[in-house]
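J.: Let me begin by handing over the structure; questions about it come next.
Protein chains in written order, with the working numbering: chain C, 668 to 771; chain A, 26 to 434.
Written out as structure tokens, the structure reads:
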């Protein structure tokens with residue numbers, strides 16, 4: 668596991684830069700992570716990110732797009748608008764959660 | 026008497042019943058419920074569209090596959106009442122249980138994608154091959170195919186046998202070449218994954234194999250709807266087709282949802298090492314029906330049942346379960362022209378090249394296209410009916426081994 672300095676803070680990350688320690692994340696960090704991939708966070712983004720954070724705490728897994736839409740109530744089409752091209756991966760990155768598991 | 030009720034007599038359910046029947050204490054009675062009295066060899070569906078198997082080679086009556094002395098009920102399941110510890114069948118019959126095993130698998134749900142089932146093209150230019158009927162009807166559609174755009178497509182993960190769509194594509198390429206119409210056909214592989222597969226080494230190998238066969242990969246393609254004969258993604262990419270071979274959304278059984286036991290895909294959340302329900306201490310979910318993060322595949326059912334049987338005997342004796350399932354899976358991957366690959370992996374280790382099951386010897390070669398792997402896949406059908414389902418010993422360890430694997434690429 669590597670340690671990276673993001674927003675002036677040392678955090679643990681994997682090879683692709685996903686945070687690996689749930690408690691090292693906060694909302695300021697999210698703004699920085701989002702900016703790194705060209706996203707400016709709005710209320711709509713935050714609704715998805717907060718769902719992801721809460722769901723991870725209870726489930727121990729990063730929610731899939733289908734779960735964010737069915738359980739979190741955010742339509743998939745909107746997730747593609749908010750986090751273009753790769754919404755599942757981008758949401759997890761900004762929310763400081765493990766990359767969604769590639770379901771093999 | 027104490028009651029074990031097993032819901033589903035597919036691969037996992039049949040194996041569990043055969044294994045536990047021999048080992049449960051005398052005061053336990055086993056009841057099995059399935060809505061069908063026919064057992065299908067699902068890996069055989071892949072070959073039906075190409076006429077390589079006859080239908081009767083992939084289906085047998087289920088009763089003779091289950092032991093005498095076990096109650097077998099052919100019925101639809103209405104609901105599980107976890108608080109009452111009973112199962113209600115359609116028609117009102119009630120089955121009390123002391124332990125419940127849910128092994129009702131997943132099924133393709135074309136109704137979940139707008140325009141797929143209801144757009145007028147289902148089983149005309151849109152086919153699936155994960156059902157017996159679908160595979161048979163695809164066989165005649167392929168016979169009539171004269172060239173054009175043939176698209177293999179996955180709606181969303183997880184799916185049963187995640188390598189099957191790749192295998193179908195390889196076999197279709199070989200089939201079209203044999204018929205001399207490959208140059209009149211565009212082959213497209215549309216997947217919600219970022220590449221051919223999820224794990225890096227296997228994705229490189231399998232991706233290269235698609236490339237060599239001139240297959241266009243459309244990665245990160247999450248379908249929103251089917252518009253006539255065009256797939257439309259949530260980010261408005263459009264893939265037209267003349268023949269679509271799709272893997273519809275895979276969902277667990279509806280009774281799981283009605284019983285409040287499922288997640289958003291009607292899969293039962295379980296502990297990934299013991300397969301015990303995360304909310305009910307007397308319910309296990311085996312095979313495709315659970316939510317463990319590995320392949321939905323018969324090999325996973327097999328290896329996990331190996332661990333489960335010992336655990337279950339401990340559990341009913343009130344002792345802690347000491348077996349831990351590691352997510353072990355392996356799959357033969359048909360690549361066409363009488364060759365195939367084999368992959369072997371678990372929760373923590375991606376598919377790697379090497380030899381299996383004997384280090385350095387094989388006979389199978391991991392992640393390499395070889396005839397021996399193809400013959401292994403064909404021989405497996407016999408082993409499935411005669412060794413695997415009856416629960417006879419197969420000399421393959423339940424846990425994945427690193428011996429014989431090469432970690433340097």
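No residue lacks a Cβ here, since even glycine has one placed at the ideal position from N, Cα and C.
Within its chain, find whatever has a CB closer than 8 angstroms to the CB of residue 394 of chain A; leave out the 5 residues flanking it on each side and keep chain order.
T.: For residue 394 of chain A, where only same-chain residues beyond five positions count, the Cβ hits under 8 angstroms are 234, 360, 364, 365 and 366.
J.: Counting only the same chain and skipping the five closest in sequence on each side, list residues whose C-beta sits under 6 angstroms from that of residue 284 of chain A.
T.: Here the set comprises 104 and 105.
J.: Where residue 749 of chain C and residue 698 of chain C are concerned, what is the direct C-alpha to C-alpha distance, given to the nearest angstrom?
T.: Roughly 14 angstroms separates the two Cα atoms.
J.: Looking at the C-beta of residue 764 of chain C, does it have a partner C-beta in chain A at a distance below 8 angstroms?
T.: False, the Cβ-Cβ gap to chain A never drops below 8 angstroms.
J.: So for residue 422 of chain A, helix, strand or coil by DSSP?
T.: Looking at residue 422 of chain A - three-state DSSP - the assignment turns out to be coil, as it is neither helix nor strand.
J.: Scan the stretch 251-272 of chain A for residues whose Cβ lies nearer than 9 angstroms to a Cβ of chain C and list them as they occur along the chain.
T.: Per Cβ criterion, the list reads 258, 259, 260 and 261.
J.: Indicate the three-state DSSP secondary structure (helix, strand or coil) for residue 353 of chain A in the structure shown.
T.: Correct three-state label for residue 353 of chain A: coil.
J.: Quick check: is the beta carbon of residue 479 of chain A nearer than 8 angstroms to any beta carbon in chain C?
T.: No answer is possible for residue 479 of chain A: the residues shown for chain A start at 26 and end at 434.
J.: Note down, in chain order, each residue of its chain lying with its Cβ closer than 8 angstroms to the Cβ of residue 732 of chain C, except the 5 sequence neighbours on either side.
T.: Excluding residues within five positions, the ones whose Cβ falls inside 8 angstroms are 743, 746, 754 and 755.
J.: Excluding sequence positions up to five away, which residues of its chain have a Cβ less than 6 angstroms from the Cβ of residue 352 of chain A?
T.: Counting only Cβ-Cβ distances below 6 angstroms, and skipping sequence neighbours, we find 319, 371 and 372.
J.: Answer with buried or exposed for residue 717 of chain C, where buried requires no fewer than 16 other C-beta atoms within 10 angstroms of its C-beta.
T.: By the 10 Å Cβ count, residue 717 of chain C comes out exposed.
J.: Beta-carbon of residue 753 of chain C versus every beta-carbon of chain A: anything under 8 angstroms?
T.: Closer than 8 angstroms to some Cβ of chain A, the Cβ of residue 753 of chain C qualifies, so yes.
J.: Just verifying my parser: in three-state terms, what is the DSSP assignment at residue 104 of chain A?
T.: In the structure shown, residue 104 of chain A sits in a strand (DSSP, three-state: E or B).
J.: Going by DSSP, what residues sit across from residue 668 of chain C in a beta bridge?
T.: In DSSP, residue 668 of chain C forms no bridge with anything.
J.: Note the first and the last residue of the continuous alpha helix (DSSP H) segment covering residue 179 of chain A.
T.: Per DSSP, residue 179 of chain A belongs to no alpha helix (DSSP H); it is in the beta strand (DSSP E), 173-179.
J.: Answer yes or no: do residue 17 of chain A and residue 290 of chain A have a C-beta to C-beta separation smaller than 8 angstroms?
T.: For chain A, the structure presents residues 26 to 434; residue 17 of chain A sits outside this window and is missing.
J.: When you compare the CB of residue 743 of chain C with every CB in chain A, is at least one pair closer than 8 angstroms?
T.: Chain A, which has a Cβ nearer than 8 angstroms to the Cβ of residue 743 of chain C, makes this yes.
J.: Is residue 289 of chain A close to chain C, meaning its C-beta is less than 8 angstroms from at least one C-beta of that chain?
T.: Chain C contact via Cβ: present.
J.: Looking at the structure shown, is residue 771 of chain C part of a helix, part of a strand, or coil, going by DSSP?
T.: Unreliable positioning characterises residue 771 of chain C in this predicted model, as indicated by a pLDDT of 44, which lies under 50. A coordinate reading is not provided.
J.: Using a Cβ-Cβ distance cut-off of 8 angstroms, determine whether residue 135 of chain A contacts chain C.
T.: So, not an interface residue.
J.: Find out if the Cβ-Cβ distance for the pair residue 328 of chain A, residue 196 of chain A is shorter than 8 angstroms.
T.: No, the pair does not count as a contact, with Cβ atoms beyond the cut-off.
J.: Hey, could you find the ends of the beta strand (DSSP E) residue 387 of chain A is sitting in?
T.: That run of the beta strand (DSSP E) goes 387-391.
J.: Could you name the residues of the same chain whose beta carbon sits closer than 7 angstroms to that of residue 771 of chain C, not counting the 5 residues immediately before and after it, in chain order?
T.: The pLDDT assigned to residue 771 of chain C is 44, lower than 50, so where the model puts this residue is not dependable, and the model offers no usable value.
J.: Around the C-beta of residue 326 of chain A, are 16 or more other C-beta atoms found within 10 angstroms, so that it is buried, or is it exposed?
T.: Residue 326 of chain A is buried by the Cβ-count criterion.
J.: Quick one: which chain D residues come within Cβ less than 7 angstroms of residue 680 of chain C?
T.: Looking at the structure shown, chain D is missing, and the protein chains on hand are C and A.
J.: Does any residue of chain A bring its CB to less than 8 angstroms from the CB of residue 772 of chain C?
T.: Since the first and last residues shown for chain C are 668 and 771, residue 772 of chain C lies out of range.
J.: Where residue 151 of chain A and residue 140 of chain A are concerned, what is the direct C-alpha to C-alpha distance, given to the nearest angstrom?
T.: Each residue's alpha carbon lies about 11 angstroms from the other.
J.: Spatial neighbours of residue 311 of chain A within its chain, please: CB distance less than 7 angstroms, with the 5 preceding and 5 following residues excluded, ordered by chain position.
T.: Answer for residue 311 of chain A: 37, 41, 126, 128, 300, 326, 329, 330 and 333, listed in chain order.
J.: Taking only the alpha-carbon atoms, compute the straight-line gap between residue 340 of chain A and residue 119 of chain A and give it to the nearest angstrom.
T.: Straight-line Cα distance between these residues: approximately 24 angstroms.
J.: For residue 152 of chain A, list the residues DSSP reports as bridge partners.
T.: According to DSSP, residue 152 of chain A bridges with A:270.
J.: What residues from chain A crowd round residue 734 of chain C, counting only those whose CB sits closer than 9 angstroms?
T.: By Cβ distance, chain A contributes 288, 289 and 290.
J.: Pop quiz: residue 687 of chain C and residue 679 of chain C are said to be a contact at Cβ under 8 angstroms. What is the actual Cβ separation, rounded to whole angstroms?
T.: Correct: roughly 5 angstroms between the Cβ atoms.
J.: Starting from the C-beta of residue 258 of chain A, find all residues in its chain whose C-beta is less than 7 angstroms away, skip the five residues before and the five after it, and write them out in chain order.
T.: Cβ within range, chain order: 246, 247, 248 and 249.
J.: Would you list the one or two residues that DSSP bridges to residue 263 of chain A?
T.: For residue 263 of chain A, which the question treats as bridged, DSSP gives the partners A:257.
J.: Going by DSSP, which residues form a beta bridge with residue 359 of chain A?
T.: Looking at the DSSP assignment, residue 359 of chain A forms a beta bridge with A:365.
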